[in-house]
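Participant: I'd like to ask you about the structure that follows.
Residue numbers (the numbering used here), protein chains in the order written: chain D, 3 to 454; chain R, 13 to 303.
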């Protein structure tokens, strides 16, 4: 992911002629008119040969589809389903023809694109319209979900393909590229490859849900794709993505948790300092509020996530942290203390101990704070953060000698390159640590749907 | 591994209003009142950009919360120094910038006197006490040569570490922080470290390479301790900057007074003025009495 973006910054211009298909640079308009359902036919062929999770030719070709081409696919797919539905109602057989936008098309050909040819043939011989419609929708859902898998892979496993945005096509959005606390560039395109294809996949999954697709698949899609974007720090892309996800799944605790995590990241000094230092073009402004406001937003999302799923431990730990940062140390303590001992996941337990230590620090109880920092240290003996914060605790209470002694104890010695020695080093993406598992689960669920 | 993070930008008309700075972090760090025996104030006096030498205690007027104080002059260049180098060793420093930093660090160490001590703190996502305070500068040189650049930037944690090390004995402490990026990895909050700076005698000089310091963590840290922030280009030769800092620090006046006629706790404004001499005075703006 990182290499891909780094390569993108340095070498996209070289990749552009080789990977962008001829129509892909026609951002402002639809593709040239072709035979009826031509774009859908091409796309459906890619969907059917694609192996989920693999970088194959289908994924490579799907990655070159720009938004207008994807709009055409969805437009044709919807029209094809409506056409077949009308044909079922009229009891047309597969060999019948019908008019579509001034052109005669075979019902059977269109039904085949959707994987519903057998349904049309069976219905013509043995009419049962409700059943036929259910089978048409099942076939369409299978295609939609398999299509979503294809575009997930176009986003994830195919190197970036730069789409051309001309001066004549001003964008209302862009992204600030940040590396190691330095702004390395400003991307004035509406969407990255990842957000384009995740966005299209979402439209497919929304349509699949409307057609009666398996209820669990849409949450699985949104959870996995959001987690990937959070894990890979695609914060500019994930914000509008999550807003849409919550519009369609407003009571999903995982998506609410991810929204809280995103705003917690926005509140961190790592985001605030960069945004305050960024030299933005005069017509652009970042979308992140100040630290306190972002923390309050995060707190609301975490609270709702926990209300919906009281056993959601990770949300509880993050909630406790944010309450502490907001200065409500008693609420932080009361949130963290009941769950701490039962947390089985070691990094999450480590965070709980650190944040509970902070809560007691805020409440002025040095002994309890030190105890929790020590527990964190016991979980990760090579971690440096517990010693550092214990030093800060003692320094704040005037014990300079112990403060420096702890620094010497905690920060001496070499440090390896592994980020696993101290989970604090990955806290800003810890909420999405299970992104890979969620992605695998989503692929399995949607792929199983394709086999139905 | 360094990630490229993408933060959303919007056309100005669509953007959310800017938020207010957090008061929460400040509330997280309670202060405790105690009696202050002596206050040390490290003072730089310049006239038209040149350092003014030869002043005595009688040339200084010091007000603590507006109350004149009886001042002693402890030192002008005589006291040994504790010099703590806190150097950014994150990914973005790798390559020529690291070589430049090593060269500058060695040059600075070459300017130390036998009684001086030096320490090296390096920071990426991890803060490392690479060489503890010692008058044997070969240890610091070796640690500097050994340091590798990788990872992100725990600038705030490193600044705290440097301040605390500077307080480990009563020598004059100079903390020089070099960074070419903004903080991306610290656990401690900037407000906490600024609060610690209000309670310390350590003077912080910061060198920021290629980053507009609008965010102000280092600028505020330097201001609170009476030091300076030097903003240099990303490819600037760092040797003049670091050697210049040491030279300037040696030529500062170390004043001391036992506070009289003021409250024993809370924030104390310090005003340092010259009597019968001309020049600009640079000193810390005050101190938090107590720890």
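Beta carbons: idealized from backbone N, C-alpha and C, even for Gly.
Starting from residue 98 of chain R and walking both ways along the alpha helix (DSSP H), at which residues does that stretch end?
Facilitator: It is not in any alpha helix (DSSP H) - residue 98 of chain R instead sits in the beta strand (DSSP E) that spans 93-100.
Participant: What are the complete beta strand (DSSP E) segments, minimum 3 residues, inside the stretch 91-154 of chain R?
Facilitator: 93-100, 129-135, 139-146
Participant: Determine, for residue 51 of chain D, whether the minimum Cβ-Cβ distance to residues of chain R falls below 8 Å.
Facilitator: Contacts with chain R at 8 Å (Cβ-Cβ) do not include residue 51 of chain D.
Participant: With burial defined as no fewer than 16 other Cβ atoms inside 10 Å of the residue's Cβ, what is the status of residue 144 of chain D: buried or exposed?
Facilitator: buried
Participant: If you measure between the beta carbons of residue 135 of chain R and residue 166 of chain R, is that distance less than 8 Å?
Facilitator: yes
Participant: Which residues bound the beta strand (DSSP E) around residue 101 of chain D?
Facilitator: 99-102
Participant: Ordered along the chain, which non-local residues of its own chain (more than five positions away) have a Cβ less than 7 Å from that of residue 349 of chain D?
Facilitator: 425, 432
Participant: Under the three-state reduction of DSSP, which class applies to residue 80 of chain R: helix, strand or coil?
Facilitator: strand
Participant: What residues from chain D crowd round residue 5 of chain R, counting only those whose CB sits closer than 7 Å?
Facilitator: The question about residue 5 of chain R has no answer, for chain R in this structure spans 13 to 303.
Participant: Helix, strand or coil, according to DSSP, for residue 366 of chain D in the structure here?
Facilitator: coil
Participant: Closer than 8 Å, CB to CB, is residue 173 of chain R near chain D or not?
Facilitator: yes
Participant: Check the Cβ of residue 417 of chain D against every Cβ in chain R and list those closer than 7 Å, keeping chain order.
Facilitator: 138, 140
Participant: Kindly provide the ranges of any beta strand (DSSP E) runs that are 3 or more residues long and lie completely inside the stretch 235-311 of chain D, ordered along the chain.
Facilitator: 286-288
Participant: Just mark residue 226 of chain D as buried or exposed, buried being the case when its beta carbon has 16 or more other beta carbons within 10 Å.
Facilitator: buried
Participant: Within the 8 Å Cβ cut-off, does residue 30 of chain R reach chain D?
Facilitator: Residue placement at residue 30 of chain R cannot be trusted, given a pLDDT of 33 that sits under 50; the coordinates are not used to answer.
Participant: Kindly indicate the opening and closing residues of the beta strand (DSSP E) around residue 243 of chain R.
Facilitator: 241-244
Participant: Going along chain D, which residues have a C-beta under 7 Å from residue 179 of chain R?
Facilitator: 402, 406
Participant: Expressed to the nearest angstrom, what Euclidean distance is found between the alpha-carbon atoms of residue 269 of chain D and residue 260 of chain R?
Facilitator: Each residue's Cα considered, the two are about 38 Å apart.
Participant: 8 Å is my cut-off, CB to CB: does residue 427 of chain D come that close to chain R?
Facilitator: yes
Participant: From this set, R:200, R:132, R:129, R:220, which residue's C-alpha is nearest residue 397 of chain D's C-alpha?
Facilitator: R:200
Participant: Tell me the rounded alpha-carbon separation between residue 136 of chain D and residue 222 of chain D.
Facilitator: 23 Å
Participant: Can you tell me where the beta strand (DSSP E) with residue 433 of chain D in it begins and where it stops?
Facilitator: Premise fails: residue 433 of chain D is in no beta strand (DSSP E) and is neither H nor E.
Participant: The alpha helix (DSSP H) with residue 208 of chain D in it runs from where to where?
Facilitator: 195-212
Participant: Just by C-beta distance, which residues in the stretch 385-401 of chain D are closer than 9 Å to chain R?
Facilitator: For chain R, the residues of the stretch 385-401 of chain D that bring a beta carbon within less than 9 Å of one of its beta carbons are 386, 387, 390, 391, 393, 394, 397, 398, 399, 400, 401, in chain order.
Participant: With a threshold of 8 Å on Cβ separation, who are the neighbours of residue 263 of chain R within its own chain once the five nearest residues in sequence on each side are excluded?
Facilitator: Excluding sequence neighbours, residue 263 of chain R sits near 56, 63, 65, 88, 89.
Participant: Within 10 angstroms of the Cβ of residue 332 of chain D, are there 16 or more other Cβ atoms? Answer buried if so, exposed if not.
Facilitator: By the 10 Å Cβ count, residue 332 of chain D comes out exposed.
Participant: Using DSSP's beta-bridge definition, name the partner residues of residue 9 of chain R.
Facilitator: Residue coverage of chain R in this structure runs from 13 to 303, which leaves residue 9 of chain R outside it and unanswerable.
Participant: Please check if any C-beta of chain R sits within less than 8 Å of the C-beta of residue 302 of chain D.
Facilitator: no
Participant: Mind listing the chain R neighbours of residue 410 of chain D? Cutoff is C-beta to C-beta under 8 Å, in chain order.
Facilitator: 141, 144
Participant: Output needed for residue 359 of chain D: all residues of its chain with C-beta closer than 6 Å, excluding positions within five of it in sequence on either side, in chain order.
Facilitator: 371, 374, 375
Participant: Based on DSSP bridge pairs, tell me the residues matched to residue 294 of chain R.
Facilitator: R:56
Participant: Would residue 446 of chain D pass as an interface residue toward chain R - the criterion being a Cβ-Cβ separation below 8 Å?
Facilitator: no
Participant: Strictly by DSSP, which residues pair up with residue 117 of chain D?
Facilitator: DSSP, once it has assigned bridges, lists no residue as partnering residue 117 of chain D.
Participant: Just to confirm before moving on: does the CB-CB distance between residue 161 of chain R and residue 101 of chain R stay below 8 Å?
Facilitator: Closer than 8 Å, so yes.
Participant: Does the beta-carbon distance from residue 320 of chain D to residue 368 of chain D come in below 8 Å?
Facilitator: no
Participant: Give the interface partners of residue 302 of chain R over in chain D, defined as CB-CB distance under 7 Å, in chain order.
Facilitator: 400
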